[in-house]
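Here the structure is laid out as structure tokens; the discussion comes afterwards.
There are 2 protein chains.
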Amino acid sequence: MRMGESVEWGLHCCVTLGWLRDQGPVSIRRLAAWFDLPQEYLKKRLQALVRAGILTSSPGVRGGWSLARPPEQITVMDVVTALEGAEEAFRCAEIRLRGESGRGGGAEFARPCGIAGLMRRAELAWRRELAAHTIADLMEGSPAGAERTRRNYQDMTG
Amino acid sequence: MRMGESVEWGLHCCVTLGWLRDQGPVSIRRLAAWFDLPQEYLKKRLQALVRAGILTSSPGVRGGWSLARPPEQITVMDVVTALEGAEEAFRCAEIRLRGESGRGGGAEFARPCGIAGLMRRAELAWRRELAAHTIADLMEGSPAGAERTRRNYQDMTG
DNA sequence: GTTTCCGTACTCGGATAAAGGATGTCCGAGTTTAAATGG
DNA sequence: CCATTTAAACTCGGACATCCTTTATCCGAGTACGGAAAC
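Just so you know, the sequences run in chain order A and B. Using my numbering, the letters of the first sequence map in sequence onto residues 73 to 230. Using my numbering, the letters of the second sequence map in sequence onto residues 73 to 230.
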């Protein structure tokens, strides 16, 4: 089971956009150079965050990307869901109903599969952790990063 | 993020082998027919469970597969780890160190990344749930399934 | 001075391709059991 | 009746083939800003 690499990109970008919120939109060229990421593909992933209402993008010569909401109102779960999709990692194919195993199990099969239920509960625990923290938490987590980001961005843009 | 379909296969097979524990080894042909699964690929996945010490396989005309330990001593986490690998779903590539973002962050970068830490804690919560339940729990979860499995298996083998 | 036009720097969305992992199939080789064979 | 051979039913491990997702690139089209040109 593997989570896409762009989740790390998306979270770092959200935190950075949070720190640069008063600087106006940040162009994809600068964001990609910021973390040394492939520009075109990063753009495509950030578009998913726009569709999810997490980011805003504006065209034009002064355009770019910015947070659509205050960082306190964007959970890490929001970002992960936008980038990885809302489907659960474990998808029950109900193989218990197939083949010989499925013969003659009447009322028993009306009840949900115990395995699927357990996997769902485990995933809920995971989601709960991610939903309990916001971009603002991550921003506060490294105050030195905030200052350094603003300074480096000034160098870059000025 | 997607979990392989064979996790469902492996868990159902372990539960079934737990129910048929006093019947001796079960051949791959019967296991595959049991759930209507591709026989050769199922075999390959169960071999991963053998390497992890969860199952035992014996060659020969009366050979087949059986649990290597009592079902109370096999956690769901064991099975998932054997089939999906021990690596975490989120792998931090430390993009914060690259590009402009990495310039001049001395002592700050010695500390672990807050994003990676949060993802790790979330995954720990997930693993904790899976490690808290065993194959025996799943077996007890559907007593009707146990009886029906034994009966259908008798029909199949007799 | 005001309006119009144009170039620049962006984003948007689709088409396409490369890479890797999950899924699925096939085959030769080894191992155990049970039946068949020979004494 | 006992020992030996043979056949059958398995597993093991590797080599492939296929499909799908992720990652990545490219390009035409649209949009906003700022300056230049026209009036």
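The C-beta atom is built at its ideal place from N, Cα and C for all residues, glycine as well.
Run of the alpha helix (DSSP H) containing residue i, from where it starts to where it stops
i               : result
serine 78/B     : 78-91
glycine 217/A   : 215-229
threonine 153/A : 148-156
arginine 117/A  : 111-123
glutamate 195/A : 186-203
alanine 161/B   : Run containing alanine 161/B: none; DSSP gives neither H nor E here.
arginine 101/B  : 100-107
CA nearest to the CA of residue i, picked from the options
i                : options                                : result
alanine 179/B    : Asn224/A, Glu172/A, Gly217/A, Ala120/A : Gly217/A
methionine 228/A : Thr153/A, Ile167/A, Arg101/A           : Arg101/A
arginine 193/B   : Trp137/A, Asn224/A, Glu156/A, Ala204/A : Ala204/A
glycine 108/B    : Ala124/B, Val122/B, Ser78/B            : It is worth fixing the name first, because residue 108/B is aspartate in this sequence and not glycine. Checked all of Ala124/B, Val122/B, Ser78/B; the closest Cα to aspartate 108/B is Ser78/B.
arginine 168/B   : Thr221/B, Gly186/B, Val152/B, Leu196/B : Gly186/B
proline 142/A    : Ser214/A, Arg93/A, Glu172/A            : Arg93/A
methionine 75/B  : Glu172/A, Leu89/A, Cys164/A, Gly171/A  : Cys164/A
glycine 90/B     : Pro215/B, Leu139/B, Trp81/B            : Leu139/B
glycine 171/B    : Gly189/A, Glu172/A, Gly135/A, Thr221/A : Thr221/A
glutamine 226/B  : Arg175/A, Leu127/A, Leu121/A           : Arg175/A
methionine 191/B : Met191/A, Ala188/A, Leu190/A, Ala197/A : Ala197/A
threonine 88/A   : Arg183/B, Leu210/B, Ser173/B, Thr88/B  : Ser173/B
arginine 134/A   : Lys116/A, Gln95/A, Leu121/A, Glu156/A  : Gln95/A
tryptophan 106/B : Trp106/A, Ala188/A, Pro215/A, Glu166/A : Glu166/A
proline 184/B    : Glu156/A, Leu121/A, Leu210/A, Pro184/A : Leu210/A
proline 215/A    : Thr128/B, Glu219/B, Gly177/B           : Gly177/B
Sequence-distant residues of its chain with Cβ nearer than 7 Å to residue i (five each side left out)
i                   : result
glutamate 144/A     : Thr206, Ala208
glutamine 111/B     : Ile100, Arg101, Ala104
cysteine 85/A       : Leu103, Leu118
tyrosine 113/A      : none
phenylalanine 181/A : Leu169
alanine 120/B       : Ala154, Leu155
Range covered by the beta strand (DSSP E) that runs through residue i
i             : result
leucine 139/A : 136-139
leucine 127/B : 127-130
Residue environment, residue i, which counts as buried when at least 16 other CB atoms sit within 10 Å
i               : result
alanine 158/B   : exposed
glutamate 212/A : exposed
glutamate 201/A : buried
arginine 199/B  : buried
valine 148/A    : buried
glycine 136/A   : buried
glutamate 80/A  : buried
Other residues of its chain near residue i: CB distance less than 8 Å, five sequence neighbours each side excluded
i                : result
methionine 73/A  : Ala161
glutamate 195/B  : Glu160, Ala161, Phe162
threonine 153/A  : Ala124
isoleucine 126/A : Cys86, Leu139, Ala140, Arg141, Ile146, Asp150, Val151, Ala154
The ligand MN heavy atom lying under 7 Å from the CB of residue i
i                   : result
phenylalanine 162/A : As for the ligand MN, it is missing from this structure, which has no ligand bound.
Neighbouring residues, chain A, relative to residue i (Cβ below 7 Å)
i               : result
glutamate 201/B : Arg193, Ala194, Ala197
serine 138/B    : Here the premise fails: no neighbours, minimum Cβ distance about 18 Å.
Residue i: contacting residues in chain B (beta-carbon distance under 7 Å)
i               : result
glutamate 77/A  : Ala165
glutamate 172/A : Ala105, Trp106, Asn224, Met228
arginine 161/A  : Residue identity differs from the one stated: residue 161/A is alanine in this sequence, not arginine. Going along chain B in sequence order, the residues near alanine 161/A (Cβ under 7 Å) are Met73, Arg74, Met75.
leucine 92/A    : Under the 7 Å cutoff, chain B gives no residues; its nearest Cβ is about 12 Å from leucine 92/A.
Interface partners of residue i on chain B, CB under 8 Å
i               : result
tryptophan 81/A : Ile167
glutamate 156/A : Met73
Cut-off 6 Å between Cβ atoms - residues of its own chain near residue i, not counting five sequence neighbours on either side
i             : result
serine 130/A  : Pro97
leucine 83/A  : Val151
lysine 115/A  : Ile100
alanine 188/B : Cys164
Cross-chain neighbours of residue i in chain A, by beta carbon under 9 Å
i             : result
glycine 176/B : Arg220, Arg223, Asn224
glycine 96/B  : Chain A residues near glycine 96/B: none, gap ~18 Å exceeds 9 Å.
leucine 114/B : Result: empty, since nearest Cβ-Cβ is about 10 Å, beyond 9 Å.
Closer than 9 Å at the beta carbon, the chain B residues around residue i
i             : result
valine 148/A  : Ile187, Leu190, Met191, Ala194
leucine 109/A : Ile167, Arg170, Gly171
Chain A residues whose Cβ lies nearer than 8 Å to that of residue i
i               : result
glutamate 180/B : Ser214, Ala216, Gly217, Arg220
leucine 210/B   : Gly186, Ile187, Leu190
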